[in-house]
Ligand SMILES: Cc1ncc(C[n+]2csc(CCOP(=O)(O)OP(=O)(O)O)c2C)c(N)n1
Ligand SMILES: Cc1ncc(C[n+]2csc(CCOP(=O)(O)OP(=O)(O)O)c2C)c(N)n1
Ligand code: SF4
Ligand code: SF4
Ligand code: SF4
Ligand code: SF4
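Residue numbers (this note's numbering), protein chains in the order written: chain A, 383 to 644; chain B, 383 to 644; chain C, -7 to 173; chain D, -7 to 173; chain E, 11 to 376; chain F, 11 to 376; chain G, 439 to 528; chain H, 439 to 528.
Below, the structure written as structure tokens:
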């Protein structure tokens, strides 16, 4: 068996634009899941609304494509009602952190035993490129035509402050690392949050000087700073540029969790 | 002029139970405001729903008593539409952190120039004593009849992770410190968050072995740990008991803010 | 026969519990019908609390008390708000340790709070004293029914105290007898 | 006279912009009425994109295109989905560099993409070439109107290129002339 | 052996749910419904069920839908403001045909209004409060007994029709305590599980598809987007949408008669009361006090789908009188179906109509 | 000097708002309304107004209410799912009499449904979607021209009646581009500011109180709780509640005739179309193609309060035909008011009724 | 300056009895007409604010006033003004 | 093992051309029938997985497959199986 067996092949190709990183992240997630020896019949994928949230529709297991922002609340119901089910959530930055922010922090607080993969493309893809709460300052979108004036969230910081047991960030470039992080997330009891920075060539790239898909992937790669390196830089009093983001495992702990399979 | 002049005297006494700390926190807030030389006509109090959220109704200025959890979203509209107005929000732990959690983190992220006073009584007072997202583990409420099984939020940590410029925590016992913290909050541009731990004798105290109001205030006092002391304890490898909470100024910084009066 | 009973006092006296106990006695142990209602809301905090009970041999249709014929009043404010207009045909049992006024109807003066504190050592059972007096004054439910309903409703370990309180009420009502204005 | 025009091609060809420009030309510079509509949605991603335009001398009531009499087709998939059923009375302008099939109606073969890339150096203006051809083939709006509408709509600095593209289309249509199946 | 109790309406509701096999409750406190949640919070854990207090009503509604897909009988309870917040996910439940029970103990609105006072102001909202066209089932209890029975019945209807079912109570019925007789056993009509080989959204002759419980190997995709019978999104084909939405509506509206639960009293009368919920009690009192058969009474327990046939049972009716604790919401619906005057008798503010008030309405000559 | 443009409906809506002096827009993207927000995001900052993208639709609705209390003309735009989320705060706006404009570019529901296809499925929801009794104003544009004009008009109505006003557009009207003639100037009817010495919720003869703008020294307390004329909570007095809610409803319903905006065409006809929004266009086409006066047409621009008097203008009517992009929501309302058959002509799935379809409905003999 | 408790506002919570550094507030004994047991003042002349407010021209200590949840504690002017002569107790 | 691109899935994003450590994927030149320019394979025998998957009994490298957003890259069995003889290029 390989991870390809988890795809609902009759629905491929998916609706994602050419070069969209969402497909990559689904691959990495399924590759991790494939290593878990999970029963397909006991695995459920859940999502909200957005390009990213279409992912469960391409996977053969039971899946629940819900309302915008509410995936984690639905997932809480599924997981608490039947802890035997393995529950994995796909979400986007808008879905998770704009309209869904409250369910996000509460699911972290409850530390419910699910794994959340956030495809953070820093934009609302599905609706055509509006600013999201992770759009970097100064970036362009259809609702920030003069450059975004608001500060973005650091979703991982938020998850940590709210109580998640496992938090990691990688990018669509770091496929192997991402796969591994998802696997650790799946293995860790309690709430696991994996943020995957990814390219949206259609709506982010096009408006922010990334002519080609490859340019945006390159930018993700070059602006990603390994946590260990960041820590070293801080120690040495080095300056960390504003537009860098930290990648790596950001927390792994053992707070009491809810809905753990017994 | 004294802070007493800010009360809408025709509405006193207020509806709070005997011994409820909310009245104390209103006093401290108004005492701080009274020092700001603010024009009453340019000051607006806003709140959601809950005992705590009734506070604006007792103050002579314009005030907006909104829907449960939404005070900060309403406040965002008021402040952005007219930055000349000084905007202060009263809220409760349920209002702010249960139903209102998303607006809380987004207001912090935007770092909008308002001051939020959260009367955290660790319970839903208005509806008769259900558990809230700040009810400590093991505590009793009408919806946690076997002791709360969920982990509570640390609201200050959350505000910091989300981006607030000023964050402090005190209690209804520390009236002078609270007054001062509110004042600093009012003076700091951007989002200021002051968490005031307080007693709800009727709904928290009664169910959690605090026979008298005084017992609960005493407990607040003895479980409060000054930040400086906490830092010292950590340094010395001392153990901080689970049921302690940190008081003091927790952050003060200068991230870019929105809606600042010009 | 439909009887409408109004209970009033201040928060913490167990006004609502009194109505619930009496209703329970009627329904569960006297095989009657009863409907209990009360005033909710933050406005009920602090001020006078009120509860109402209808007891009838037949199913109760209209469930709200509009013309109470029995009153149990445990505070002066409660009297003013909910008892002062009692019609002459009514019967009122009042806690004479807390209510200064007197109604225009037949009434029983029961120093319930005082007795509860002094004789029984716990003012919390004043309402049970009042209930004992109430059934003595009105025969609205039988003593065994009331006693069982009380025992169903009070915290474990306080059964004896509460039974004693009820008996005390019965005794006080019998002693004092009814008064007319 | 009501004319219904259907535009199709793939994403990125500027199919929708073409319809908008033509509508704008009719309304703003030829004082006609026009309604432009299109297909939205994620399902429109990747596959054939479609836009429709009605041009009339009188106000347009029913706003949807049901019987197009003019087609501008820029991809094979677009032809199959939106052009294959064109009635014999229609006129179709097709990008012969990308559309392999031919319709049952009168048509113009315009190698727009090829010309845009080779002659004009930017395949992005293929749709403008097509528009030039379209008005030549149908006289649906005048050339000055189209030119102004194009200049209103294209990015600053590309005006000359776009005008050239339009002229190229006019030229190609005139050269190739209409074909009948 | 039946059992007598003296229960609060909200307690009876909670007990009715437990008796019906409710295994999952998610809720958020709100007056005057909170006692339902509180009672269940105490009882459900002891029966191996799950009680969870969510962060808000949106999440509560989401959680019960999620739980329902694992096969659990799931419920939430709320009142006006919370009900308004649930609207988006109620539409999702309708679209995905998720069985679930929503209790609304109605209070005075609009907005925060009168939190502790009774109303029936959400009767149109429960039918039309979410966007788009859909149908639901709504019941209204008038006694504590019915709080118990109709709650239990709600679960059966939800499972049978795969639809959100609303128990539209009011503060009076929710908060009063009264005598209740408990039946020995509540009949449970379970959901029909999807058969292997059948598409997950392929309906049977009653227009209802089998339920593809999560974890049972169906590999079902559930989405709030317009979907075909496989459950796959299909959002630009007008026929698929029209077909789906029409089925969602028809499966309920066609079953109108089967779902209808009402009493027809004095069908030959010329003046006929129509009532549901707490005002039923006043009408009953009026009829009892008059002790004649000249006044008719249509007592509704099912509100939606509206039992329009029941109106026709009153052959001689010259006017319908409709006392409601709102501005005449169900009176509006009655107006659609009859050609005689419909006299709305609205009462706002929390008090129940007094028998005198209804008597007075009877003597007016129109 | 008027100006011609070739605009998209959503652009025209945004421009209409700007022309009406909209100074504050809070919104959250959603198809098919997003272009309204996008256009305003580009334009408003240049006019010293505020555009803010909120975290969700609940917050958007809250923000425009907050902004409105500072005196700003404030608006949001959304579609079905977002509209459902706004319901609680819409009730708050109604209860606190806060002028504001909500644009709903309707798409196919229920739930996520058909995000890119047209519908008119939220017509009942905009009237009844929040809990409790209240009234609102709703307009429906059928052309790009009306997207502009009725948006502007919405602001005037909102300020005049102190009520949330809904522009109930649909995807067809919102997304199509068409010719539009811009008037020189849009008349702005400002709010009436509260006079000193008058209680902030004391109404004038039209049942409308003066507006106590924040920052102007009124010291007003605004609450969604039932309140007296001082604005103070008063939640257990039935009279205060009944009086307040009745006024909130009456101030709109009594002004029904003043607010009504409709065209009566061929009033002597026996068969009469009633229509609003995009289907108007098909009816117009049918009437134009027939070129006779035998078919009547009531073209509604105001939907709520419902212009029941307009129905009476058709003296010879034998049946009303109501084409709607829903299951017959406004047809329901018409049924309440007339005694002739009301033929609902529902169309779901996103396509507009074809002229042939309406022609066919005309020839059916009932 | 004279320390007073407003009996129409006090709800008898007794917080003042705990927090006054001079222990000026003592639990009351008898319920008033509203059924509330209002604290009694024990030699209020010892209050720092009573004594020194005039001198410093601002509110001193004031912890009881800030703490009283029911806005029941304040100071009234005394006529004629007499500087208090009680020594501070340690 | 044989590396293949599924032309019915590939959308021509060219990510594979960037991330393959062996530079096996080259930008294609001609659009296919769907209008998509699918990359070409340059000496795919060099692919680590092609060569060594059988040997190790698990997928090796596989970065192109994981990265391809359109699930267009996979390996097919070759019959008969022939261990590749191309040396690894550094
Ligand atoms: C309640 C509601 N509001 C708005 C929308 C419209 N909407 C659909 S997807 C989306 C944003 C998605 O952004 P994100 O989660 O970042 O996902 P992406 O498409 O970028 O993967 C929005 C606003 C909706 N469907 N429902
Ligand atoms: C949408 C909505 N849900 C629920 C409620 C009911 N409600 C009123 S106050 C409250 C909790 C208040 O708790 P908190 O904010 O902690 O304030 P406190 O009363 O403890 O001061 C709740 C749940 C409501 N009014 N609106
Ligand atoms: S819009 Fe962006 S996120 Fe959505 S499929 Fe296209 S590239 Fe991916
Ligand atoms: S219930 Fe608690 S929070 Fe509310 S007024 Fe009483 S003591 Fe204060
Ligand atoms: S603190 Fe205030 S309310 Fe409490 S007892 Fe003292 S004076 Fe009275
Ligand atoms: S990465 Fe996949 S979709 Fe992209 S060009 Fe390569 S094979 Fe095609």
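Quick reminder that beta carbons are idealized off the backbone N, C-alpha and C, glycines included.
Cβ neighbours of residue i in the same chain (closer than 7 Å, five flanking residues each side left out)
i                     : result
residue 117 (chain C) : 108, 153, 154, 157
residue 381 (chain F) : Because chain F here runs from 11 to 376, residue 381 (chain F) falls outside it and cannot be looked at.
residue 641 (chain B) : 461, 462, 465, 494, 495
residue 498 (chain G) : 486, 487, 490, 491
Cβ-based burial, residue i [other Cβ within 10 Å; buried from 16]
i                     : result
residue 370 (chain E) : exposed
residue 494 (chain G) : exposed
residue 113 (chain C) : exposed
residue 591 (chain A) : exposed
residue 77 (chain D)  : exposed
residue 388 (chain B) : buried
Residue i beta carbon near ligand 5 (any heavy atom closer than 6 Å)
i                     : result
residue 450 (chain G) : yes
residue 475 (chain B) : no
residue 529 (chain G) : Any question about residue 529 (chain G) goes unanswered here, given that chain G covers just 439 to 528.
Cut-off 6 Å between Cβ atoms - residues of its own chain near residue i, not counting five sequence neighbours on either side
i                     : result
residue 29 (chain C)  : 44
residue 81 (chain D)  : none
residue 528 (chain H) : At residue 528 (chain H) the pLDDT is 47, less than 50, meaning the model places this residue with poor confidence; the figure from the coordinates comes in the next sentence. Once the five neighbours on either side are set aside, residue 528 (chain H) has no close Cβ partner at all.
residue 526 (chain G) : In this prediction, residue 526 (chain G) has a pLDDT of 46, which is less than 50 and means its spatial position is unreliable; what the coordinates show is noted afterwards. The answer is none, since no qualifying residue turns up.
residue 548 (chain B) : 567, 570, 574, 634
residue 485 (chain B) : 454, 455
Beta-carbon proximity list for residue i, same chain, < 8 Å, skipping 5 on both sides
i                    : result
residue 49 (chain C) : -7, 24, 25
Heavy atom of ligand 2 within 6 Å of residue i beta-carbon
i                     : result
residue 431 (chain B) : yes
Taking beta-carbon pairs under 7 Å, can you tell me which members of the region 5 to 26 of chain D lie near chain F? 12, 15, 16, 19, 20, 25, 26
Check whether the region 327 to 335 of chain F and the region 277 to 287 of chain F touch, using three or more Cβ-Cβ pairs below 8 Å as the test. yes
Would you check if the region 157 to 167 of chain E and the region 141 to 160 of chain F touch, i.e. whether three or more CB-CB distances between them fall below 8 Å? no
Closer than 8 Å, Cβ to any Cβ of chain D: which residues of the region 496 to 513 of chain H, in chain order? none
Near-chain B residues of the region 445 to 460 of chain G - C-beta to any C-beta below 9 Å: 446, 447, 448, 449, 450, 451, 452, 453, 455, 456, 457
Measuring CB atoms only, is the region 197 to 214 of chain F touching the region 44 to 59 of chain F, in the sense that at least three cross pairs come out at less than 8 Å? no
Taking contact to mean 3 or more Cβ pairs, one atom from each stretch, closer than 8 Å, check whether the region 73 to 88 of chain E and the region 210 to 224 of chain F are in contact. no
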